[in-house]
Amino acid sequence: MPRILVIEDDDVTAREIAAELASHGIDTDRVADGCEGLARAADPRYDVITLDLMLPGLDGLNVITQLRAQGIATPVLMISALSDVDERVRGLRAGGDDYLTKPFAPDEMVARVDVLLRRHRQQAQQTLLRVSDLELDLVRHVARRGDTELSLLPTEFKLLEFLMRHAGQVLTRAMIFETVWGFHFDPGTNLIDVHIGRLRKKIDTASCAPLIHTVRGSGYSLAQTD
Amino acid sequence: MRRLTDNWRSTTARLILIYGSFFALWGIVVIGLIHWQAASYLTRVSNELIGRQADYFSMLDEPTRRHALNDYVSLETRHLNAWGLFDAHGRSLAGTITALPPGIPVNGAVVIVPQGLTRTDGHSHMSVRAAAVRLDDGRILLVTRDTSIVDRIGTIILQALLWGISLTVVPGLFGGWLLSRGPLRRIHAIREVTLPIMHGDLTRRLPVSRRGDELDMLAGIVNAMLDEIERLLGEVKGVCDNIAHDLRTPLTRLRARIYRLQQQFDEDSSESTTLEACLSDTDALLDRFRALLRISELENQQRRAGFDQVDLAEILREVHALYLPLAEDRGQQLALELPQLPSIRADRHLLLEAFSNLVGNAIKFTPSGGRVNIRARTAEDGPWVDVCDSGPGIPVDQRVAVTRRFYRAESCRSTPGSGLGLSIVSAIARLHGYTLEIADSENGARLSLHCRDAASA
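Line order of the protein sequences matches chains A and B. The first sequence begins at 262 in this note's numbering and counts up by one. The second sequence begins at 165 in this note's numbering and counts up by one.
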């Protein structure tokens with residue numbers, strides 16, 4: 262069972278995180294102080310750390326900087342009330358792996374933690390992604406469903422790569438927008454849905470089982486239906 | 165900029181002009197008075213002298229009178245005096261004056277001879293007084309005296325007046341101009357500060373010197389006013405932000421509850437569909453709060469740390485690629501026209517956000533089958549980016565209002581959206597020192613962002 266260290270000084274938020282992760286079968290330990298958090302984070306049993314950036318004692322940015330300086334590579338999800346892009350960039354530069362703005366939707370948080378968990382487990386750099394009969398060759402830049410080669414636009418290729426790397430996981434629209442496009446604002450409307458729709462039309466033709474699934478209220482997931 | 169004539173509008177210059185003209189006028193009056201006094205005194209003295217001499221000469225016997233008359237002329241070295249002797253009919257008998265002035269009374273009264281007198285010795289008079297007396301034998305004796313000295317004194321006084329005035333007025337005016345430069349320089353300093361204040365930078369204050377004069381008092385009053393305005397605006401914005409911030413947390417929790425509840429129902433059940441609708445409503449609310457907080461975040465962001473040289477064309481290509489599928493889905497054409505563009509100094513992420521908002525808006529308000537055009541053009545002081553659509557356009561009277569928070573044109577109340585998109589764009593524009601222009605295009609609206617080069621602004 263995966264184990265997560267929650268470094269968070271706000272009781273309500275900490276409880277929320279713990280409850281939501283528990284409902285997905287993830288154990289959590291909670292620490293309310295930066296110094297203590299840094300000490301506990303060295304424990305190699307933790308798979309992911311969620312880190313509030315505004316902490317008493319040692320602030321979040323310092324925690325992560327020292328953590329990385331000690332050579333501890335546990336993925337860190339930073340959680341902050343500041344939505345500023347600069348703040349995010351500073352956090353990621355210090356060694357954070359992902360950034361979430363408070364208040365957050367629990368499913369968004371879980372989806373991000375989930376991505377970090379899996380990244381922790383399979384670090385190997387794959388060059389050929391395969392889900393069911395869908396194949397993506399990252400070196401030759403070729404996508405294939407069964408025997409048919411798919412012609413994808415660059416963005417569609419990146420989108421598919423992201424979905425396939427995290428096959429079986431729920432990816433929220435915000436995560437997709439941030440990772441595939443690298444934009445950190447609210448695109449509004451149904452922009453991501455339209456892009457997914459395009460990709461879906463190319464991959465899930467009438468003759469084969471659909472791979473891209475809409476997760477209601479959250480986002481999308483690419484997975485083989487059983 | 166500052167013109168020379170501006171100096172004359174200052175209070176100091178006006179005071180100096182008023183005082184200057186007052187003193188000049190007073191000087192004219194005083195000197196006029198002196199002139200009048202001197203002239204009348206000299207006239208009186210001349211009159212008395214001529215009258216007495218005429219009386220005196222008439223009483224002497226003939227040989228003595230001749231001597232006396234000759235002495236009268238030759239003792240006066242400036243040839244002011246002259247005489248003439250005439251018979252009872254006015255014919256000349258002796259003397260240097262050979263014609264009686266016409267109409268002169270022969271009773272010893274001193275009169276002015278307006279036409280002047282001609283003397284046989286060559287010393288003619290223009291301004292002259294004369295007295296004629298009848299001698300005992302019936303002959304007429306004319307005694308005259310040149311009184312042009314009275315006029316000459318008038319001229320001297322007038323010249324003194326002119327010199328005096330010019331020596332007072334010219335340095336006075338120059339001094340006034342010099343004196344008024346100080347206050348004007350301060351006015352210009354104040355104007356330089358007020359420009360950013362007018363553009364919304366309420367942190368600036370008018371300069372106050374240590375002199376504590378009337379300008380400083382005024383600047384102090386204005387500064388106190390600005391403090392108050394800044395405080396009030398901050399309060400209003402703070403209240404707005406606090407509401408948005410405080411409501412966001414419970415809303416997020418509400419959304420989480422609905423989400424969890426929805427997960428318990430079958431995907432096709434009617435409960436699930438209702439809850440789905442609840443979720444999307446909550447999401448719309450959260451989006452709105454997020455946008456609101458984003459604007460205040462942008463407005464508070466005075467620093468330009470994220471600024472770097474960015475490739476505007478690249479940004480526009482990205483935005484175009486991002487929105488192309490959406491436009492095509494709605495049956496619209498999304499075109500991109502890019503000339504050679506220089507790189508500009510800006511925050512890449514913010515520009516992406518601004519153009520995304522502009523293009524997203526244009527697509528939203530353009531009917532199916534319409535056309536949205538992203539077009540860049542170069543200008544002397546930085547490139548322009550136009551986003552033109554073939555939508556309903558924005559009426560002239562609503563063009564300022566659309567950049568305000570929450571404002572939505574009357575005609576598009578039914579279109580989903582937060583109404584904050586253009587406010588975000590205008591906040592980003594302000595942060596960069598760019599201008600957002602809203603105008604008509606050939607068949608819809610044109611929203612243009614002028615990426616003004618900060619150096620040339």
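Glycine is no exception: its CB is placed at the ideal position from the N, C-alpha and C atoms.
{"Check": "Straight-line gap, G384 of chain B to I588 of chain B (C-alpha atoms, nearest Å)", "Outcome": "35 Å"}
{"Check": "Any chain B beta carbon closer than 8 Å to F444 of chain A", "Outcome": "yes"}
{"Check": "Any 3 or more C-beta pairs closer than 8 Å across the segment 512 to 525 of chain B and the segment 481 to 498 of chain B", "Outcome": "yes"}
{"Check": "Bounding residues of the beta strand (DSSP E) (the contiguous stretch that carries E410 of chain A)", "Outcome": "T409 to L411"}
{"Check": "Any C-beta of chain B under 8 Å from that of D375 of chain A", "Outcome": "no"}
{"Check": "Range covered by the beta strand (DSSP E) that runs through E439 of chain A", "Outcome": "Run containing E439 of chain A: none; DSSP gives neither H nor E here."}
{"Check": "Contacts of A366 of chain A in chain B (Cβ-Cβ under 8 Å)", "Outcome": "T416, R419, A420 and Y423"}
{"Check": "Close-in-space but distant-in-sequence residues of the same chain around D219 of chain B (CB under 8 Å, 5 per side omitted)", "Outcome": "G272 and V297"}
{"Check": "Distance cut-off 7 Å: P556 of chain B Cβ against heavy atoms of the ligand FAD", "Outcome": "Summarising the ligand content, the structure contains no ligands, and the ligand FAD is consequently not present."}
{"Check": "Contact check, I304 of chain B vs L206 of chain B, beta carbons under 8 Å", "Outcome": "no"}
{"Check": "Among A:P305, A:I310 and A:L389, the one whose alpha carbon lies nearest that of V292 of chain A", "Outcome": "A:I310"}
{"Check": "Contact list for Q426 of chain B against chain A, beta-carbon separation under 8 Å", "Outcome": "R477 and G478"}
{"Check": "Where T241 of chain B falls: helix, strand or coil (DSSP)", "Outcome": "coil"}
{"Check": "Alpha-carbon spacing of L611 of chain B relative to E501 of chain B, whole angstroms", "Outcome": "15 Å"}
{"Check": "Buried versus exposed call for Y183 of chain B [16 or more other C-beta atoms within 10 Å across all chains shown]", "Outcome": "exposed"}
{"Check": "Three-state secondary structure (DSSP) of Y598 of chain B", "Outcome": "coil"}
{"Check": "Separation of P367 of chain A from E281 of chain A, as counted between CA atoms", "Outcome": "6 Å"}
{"Check": "Cβ shell of A324 of chain B (< 8 Å), same chain only, five flanking positions each side left out", "Outcome": "I195"}
{"Check": "Beta carbon proximity, R459 of chain A to chain B, threshold 8 Å", "Outcome": "yes"}
{"Check": "Cβ-Cβ distance between G248 of chain B and S256 of chain B below 8 Å", "Outcome": "yes"}
{"Check": "Amino acids of chain A, ordered along the chain, whose beta-carbon sits closer than 8 Å to that of E544 of chain B", "Outcome": "Ordered by position in chain A, no residue passes the 8 Å Cβ test against E544 of chain B, which lies about 31 Å from the chain."}
{"Check": "Any 3 or more C-beta pairs closer than 8 Å across the segment 421 to 441 of chain A and the segment 456 to 463 of chain B", "Outcome": "no"}
{"Check": "Residue range of the beta strand (DSSP E) that includes C552 of chain B", "Outcome": "W548 to D553"}
{"Check": "Contact set for G533 of chain B: own chain, Cβ-Cβ below 8 Å, skip 5 residues either direction", "Outcome": "G495 and Q496"}
{"Check": "Beta-carbon proximity of A609 of chain B to I602 of chain B, cut-off 8 Å", "Outcome": "yes"}
{"Check": "With 16 other Cβ atoms within 10 Å as the buried cut-off, status of M389 of chain B", "Outcome": "exposed"}
{"Check": "Opening and closing residue of the beta strand (DSSP E) in which E478 of chain B lies", "Outcome": "Looking at the DSSP string, E478 of chain B is not in any beta strand (DSSP E); the run it does join, the alpha helix (DSSP H), is L476 to D493."}
{"Check": "Neighbour flag for R577 of chain B against chain A, beta carbons, 8 Å", "Outcome": "Unreliable positioning characterises R577 of chain B in this predicted model, as indicated by a pLDDT of 49, which lies under 50. The coordinate reading is nonetheless provided below. No, because no Cβ of chain A sits closer than 8 Å to the Cβ of R577 of chain B."}
{"Check": "Whole-angstrom C-beta distance between R309 of chain B and R283 of chain B, which should lie under 8 Å", "Outcome": "About 12 Å; that fails the 8 Å criterion."}
{"Check": "Chain A within 8 Å of L516 of chain B, Cβ atoms only", "Outcome": "yes"}
{"Check": "Per-residue contacts from H456 of chain A into chain B (C-beta, under 7 Å)", "Outcome": "P489"}
{"Check": "Chain A within 8 Å of H484 of chain B, Cβ atoms only", "Outcome": "no"}
{"Check": "Proximity test, Cβ basis, 8 Å: R118 of chain B and chain A", "Outcome": "The displayed coordinates of chain B run from 165 to 621. Any statement about residue 118 of chain B would go beyond what the structure contains."}
{"Check": "Sequence ranges, alpha helix (DSSP H) only - wholly within the segment 278 to 314 of chain A, length at least 4", "Outcome": "295 to 302"}
{"Check": "Other residues of its chain near A526 of chain B: CB distance less than 6 Å, five sequence neighbours each side excluded", "Outcome": "V536, V551 and D553"}
{"Check": "Beta strand (DSSP E) segments (min. 3 residues) lying fully within the segment 289 to 317 of chain B", "Outcome": "292 to 298 and 304 to 310"}
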